[in-house]
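Peer 1:
There are 2 protein chains.
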Amino acid sequence: MKIAVGVFPQFTALDAIGPYEVLAKLPNAGVDAEVLLCAARQGDVIDENGLLHFNVAHTFDDVPEPDIILVPGGLITRKLIRDSDPIIDWIRAAHPHTTYTTSVCTGALLLAAAGLLDGLRATTHWRAYDVLSSYGAEPTEQRVVHEGKILTAAGVSAGIDLALTLVGHIAGPEIAQGIQLAIEYDPRPPFDAGTPSKAPAEISQRVEAVMAAAEDRLLRTT
Amino acid sequence: MKIAVGVFPQFTALDAIGPYEVLAKLPNAGVDAEVLLCAARQGDVIDENGLLHFNVAHTFDDVPEPDIILVPGGLITRKLIRDSDPIIDWIRAAHPHTTYTTSVCTGALLLAAAGLLDGLRATTHWRAYDVLSSYGAEPTEQRVVHEGKILTAAGVSAGIDLALTLVGHIAGPEIAQGIQLAIEYDPRPPFDAGTPSKAPAEISQRVEAVMAAAEDRLLRTT
Numbered sequence: 000m001k002i003a004v005g006v007f008p009q010f011t012a013l014d015a016i017g018p019y020e021v022l023a024k025l026p027n028a029g030v031d032a033e034v035l036l037c038a039a040r041q042g043d044v045i046d047e048n049g050l051l052h053f054n055v056a057h058t059f060d061d062v063p064e065p066d067i068i069l070v071p072g073g074l075i076t077r078k079l080i081r082d083s084d085p086i087i088d089w090i091r092a093a094h095p096h097t098t099y100t101t102s103v104c105t106g107a108l109l110l111a112a113a114g115l116l117d118g119l120r121a122t123t124h125w126r127a128y129d130v131l132s133s134y135g136a137e138p139t140e141q142r143v144v145h146e147g148k149i150l151t152a153a154g155v156s157a158g159i160d161l162a163l164t165l166v167g168h169i170a171g172p173e174i175a176q177g178i179q180l181a182i183e184y185d186p187r188p189p190f191d192a193g194t195p196s197k198a199p200a201e202i203s204q205r206v207e208a209v210m211a212a213a214e215d216r217l218l219r220t221t
Numbered sequence: 000m001k002i003a004v005g006v007f008p009q010f011t012a013l014d015a016i017g018p019y020e021v022l023a024k025l026p027n028a029g030v031d032a033e034v035l036l037c038a039a040r041q042g043d044v045i046d047e048n049g050l051l052h053f054n055v056a057h058t059f060d061d062v063p064e065p066d067i068i069l070v071p072g073g074l075i076t077r078k079l080i081r082d083s084d085p086i087i088d089w090i091r092a093a094h095p096h097t098t099y100t101t102s103v104c105t106g107a108l109l110l111a112a113a114g115l116l117d118g119l120r121a122t123t124h125w126r127a128y129d130v131l132s133s134y135g136a137e138p139t140e141q142r143v144v145h146e147g148k149i150l151t152a153a154g155v156s157a158g159i160d161l162a163l164t165l166v167g168h169i170a171g172p173e174i175a176q177g178i179q180l181a182i183e184y185d186p187r188p189p190f191d192a193g194t195p196s197k198a199p200a201e202i203s204q205r206v207e208a209v210m211a212a213a214e215d216r217l218l219r220t221t
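For the record, the sequence lines run as chains A and B.
Its first residue numbered 0, the first sequence is counted upward by one per residue in numbering that gives the first Met the number 0.
Its first residue numbered 0, the second sequence is counted upward by one per residue in numbering that gives the first Met the number 0.
1. Starting from residue 101/A, follow the beta strand (DSSP E) in both directions and report where the run begins and ends.
2. For the segment 192-210 of chain A against the segment 171-183 of chain B, are there 3 or more C-beta pairs whose distance is under 8 Å?
3. Please identify the residue among 48/A, 59/A, 145/A and 26/A whose C-alpha is closest to the C-alpha of residue 40/A.
4. Anything in the segment 156-170 of chain B with a Cβ closer than 7 Å to a Cβ of chain A? List those residues in chain order, please.
5. Short check: CB of residue 71/B to CB of residue 6/B, under 9 Å?
6. What's the C-alpha gap between residue 4/B and residue 103/B?
7. Determine, using beta carbons only, whether residue 67/B and residue 105/B come nearer to each other than 9 Å.
8. Tell me the rounded alpha-carbon separation between residue 210/A and residue 10/A.
9. Just verifying my parser: in three-state terms, what is the DSSP assignment at residue 2/A?
10. Compare the beta carbon distance of residue 96/B and residue 113/B with 9 Å and say whether it is the shorter of the two.
11. How about residue 134/A: is its C-beta nearer than 9 Å to some C-beta of chain B?
12. For residue 161/A, collect the residues of the same chain with a Cβ closer than 7 Å to its Cβ; drop the 5 residues on either side in sequence, then sort them by chain order.
13. Are there 16 or more other CB atoms within 10 angstroms of the CB of residue 83/A, so buried, or fewer, so exposed?
14. Does the beta-carbon of residue 48/B, which I'm using as the reference point, lie nearer than 8 Å to any heavy atom of the ligand COA?
15. Could you work out which residues of chain B lie near residue 16/A, taking near to mean beta carbons separated by less than 7 Å?
16. Whole alpha helix (DSSP H) runs in the segment 112-185 of chain A with 4 or more residues, listed along the chain?
17. Nearest chain C C-beta to residue 184/B closer than 9 Å, yes or no?
18. Quick check on residue 222/A: buried or exposed, where buried means 16 or more other Cβ atoms within 10 Å of its Cβ?
19. Ignoring anything shorter than 3 residues or poking outside the segment 38-96 of chain B, list the beta strand (DSSP E) runs there in chain order.
20. Closest to residue 133/B by C-alpha separation, out of 146/B, 158/B, 81/B and 169/B, would be which residue?
21. What are the residues that DSSP puts in a beta bridge with residue 33/B?
22. Using the Cα positions of residue 118/A and residue 146/A, report the straight-line distance between them to the nearest angstrom.
23. Using a Cβ-Cβ cut-off of less than 8 Å, give me the residues of the segment 36-51 of chain A that come near chain B, in sequence order.
So, in structure tokens, the structure goes:
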């Protein structure tokens, strides 16, 4: 089983690395699975914060028919959909061959732009529900949304929940529980502000303003 | 404020990237902080699964006096402490200058080997309590353990909880809540097997056996 994590310049690292760490444990658990990172071009791919440099070995052309696709997000996704980035063509062409097509955070916008979410329930980062709607999807406030073989996860950290859900489907709940234990995933957030409905209103407003400003800068300058 | 994430070949990617994604949001939240990845040598550092290649720009010598140290773990840490790896010297020399010295997962073994945990409560991945004890630390089954300016986190995914705790200390709870909201950290694990006390006994035994075998291979072959 080939699991392709498709990345792009300025992707959010944790969107990809959370699920990666879960999925990369499948071989040790006795599951015949190969995880690989791929991008439009080989070589240096820098993350959203501009601090991590990933040296990516595979191109999208190297993995035209993966069994599973996982697509992370990032503020830059709004530019990628505006510009019809190559990752969207890859997702569209690969999807008919997958057993699961999945996204984390605003990776869902790339699935939507590839035409995969029209008329379906899906989730994404809470700031991006409107963009999802504009592609005919029905934004759904859940941690992970299943629609047939498409799984979408909420913002950033939700990728870990998505990956464990996915492992439950492809390898069974015992393997998923084993990987959960291996990564000691028994979360204890020190605060309870992980969604707009839980965070104090003034904090939601400040975060929305900060992220909107960062996104505007990005869309203007790239 | 300089925050140095110290890595080494075969580190567990999520140990570092979970907290990284939290801490790298400090500048956008108005906090004067710079996060950087450093290693013994510049260049390619491959993760524990052998699949991710990080191109690391800074050496330990470049950041002798960071304000905050964060050290990830990995099965390889038992070899690093056996061989007195350079990261241990870096931690020992830098610690007197830090405001916080922190570890995720078996990164705590490196703090212990640097002599930082003698007589103190600390936590690590559940499989490594015995090694922590052998350095005079008191293994403590908590998600994040505070001992003065030393914070240690449990296995892998606990780094996110540690980083939000740390942000609460250095920048206040409002900033920490804002970052929690930005990464939509409202975890919903699809299973409840994240610690040995919660996982079914046969799953704990299998994971212990698989990880022990992987560790033995690593210690024999490197």
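Every residue gets a Cβ at the ideal spot worked out from N, C-alpha and C, and that includes glycine.
In this text the structure is predicted, and so the values were computed from the model without any measurement.
Peer 2: Result, derived from the coordinates:
1. Counting along the chain, the unbroken beta strand (DSSP E) around residue 101/A starts and ends at 99-103.
2. Pairwise C-beta distances place the segment 192-210 of chain A in contact with the segment 171-183 of chain B, as three or more of them are shorter than 8 Å.
3. Scanning 48/A, 59/A, 145/A and 26/A for the CA closest to the CA of residue 40/A turns up 59/A.
4. Correct list: 156, 157, 159, 160, 163, 164 and 167.
5. A contact, by the Cβ cut-off of 9 Å.
6. The straight-line gap separating the alpha-carbon atoms of residue 4/B and residue 103/B is approximately 11 Å.
7. Not closer than 9 Å, so no.
8. Spanning the two alpha carbons is a distance of roughly 15 Å.
9. Residue 2/A sits in a strand when the DSSP states are folded into three classes.
10. With respect to the 9 Å criterion, residue 96/B and residue 113/B are not classified as neighbours on the basis of their beta carbons.
11. Chain B, which has no Cβ nearer than 9 Å to the Cβ of residue 134/A, makes this no.
12. The residues are 18, 101, 103, 143, 150 and 152.
13. Burial call: exposed.
14. Absent from the structure shown: the ligand COA. Ligands present: none.
15. Within 7 Å Cβ-Cβ: 12, 13 and 16.
16. If we require 4 residues or more, the alpha helix (DSSP H) runs fully inside the segment 112-185 of chain A come out as 128-133, 157-170 and 172-181.
17. Structure shown: chain C not included; protein chains present are A and B.
18. Missing from the structure shown is residue 222/A; chain A here goes from 0 to 221 and no further.
19. For the segment 38-96 of chain B, whole beta strand (DSSP E) runs of length 3 or above, ordered along the chain, are 42-45, 52-55 and 67-70.
20. Out of 146/B, 158/B, 81/B and 169/B, 81/B has the C-alpha closest to the C-alpha of residue 133/B.
21. Paired residues: 1/B.
22. The alpha-carbon atoms of residue 118/A and residue 146/A are separated by roughly 10 Å.
23. Across the segment 36-51 of chain A, CB contacts with chain B closer than 8 Å involve 36, 43, 48, 50 and 51, in sequence order along the chain.
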